[in-house]
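All remarks here apply to the structure that follows.
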Amino acid sequence: MEKPKILIVDDSPVVLEGSAMVLEEAGFEVLTLENPLSVAHLVRKEKPGLLLIDINMPTVNGATVVKILGQQEAVHRTKVALYSDLPEARLRTIAAQCGADGFIQKTMDGAGLADQVRRLLQS
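Numbered per the numbering used here, the sequence shown spans residues -9 to 113.
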């Protein structure tokens, strides 16, 4: 059986490495990307089941990337979740405004992260 593929986009190598390790141990195939400007290309090429994207990045805001991806038919089927340490209420609002399928707080423990990813993939 093919492992679900997750793409994590974050400007922090520490967050990318830690999140990837947790999700790989939970049985996911994980791709990571530090530059949000390359997201659309990688989503079209790799076809992940879920894109986790940080909001606060230096080159471009993650919510802006989500809006742009939502307009591109080739990547429209990929589920997208904001991945941030912002408070839950703020994340929920931003996710609704930009058209994300959901959100995951970075403050969640490893088991919680894997559970939330599974939930988003099944929704």
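All C-beta atoms, glycine included, are put in the ideal place defined by N, C-alpha and C.
- Taking the Cα positions, Phe18 is about 11 Å away from Pro38.
- Taken through DSSP and simplified to helix, strand or coil, Val50 comes out as coil.
- Per DSSP, the beta-bridge partners of Glu19 are Lys(-5).
- Leu27: not part of any alpha helix (DSSP H); DSSP gives it neither H nor E.
- Counting the other Cβ atoms within 10 Å of the Cβ of Ala71 gives 16 or more, which makes it buried.
- Contact between Gly100 and Val4 does not hold, since their C-beta atoms are separated by about 14 Å, which reaches or exceeds 8 Å.
- Distance between Ile84 and Gly52, taken at the CA atoms: about 10 Å.
- Cβ atoms of Lys69 and Leu110 come within 8 Å of each other, at about 6 Å.
- The Cβ-Cβ distance between Pro48 and Asp1 falls below 7 Å.
- Under a 10 Å Cβ-count criterion, Gln106 is classified as buried, with 16 or more other Cβ atoms of the shown protein chains found around its own Cβ.
- Straight across, the Cα-Cα distance linking Arg108 with Glu24 is about 23 Å.
- Here the C-alpha atom of Arg67 lies approximately 11 Å from the C-alpha atom of Gln61.
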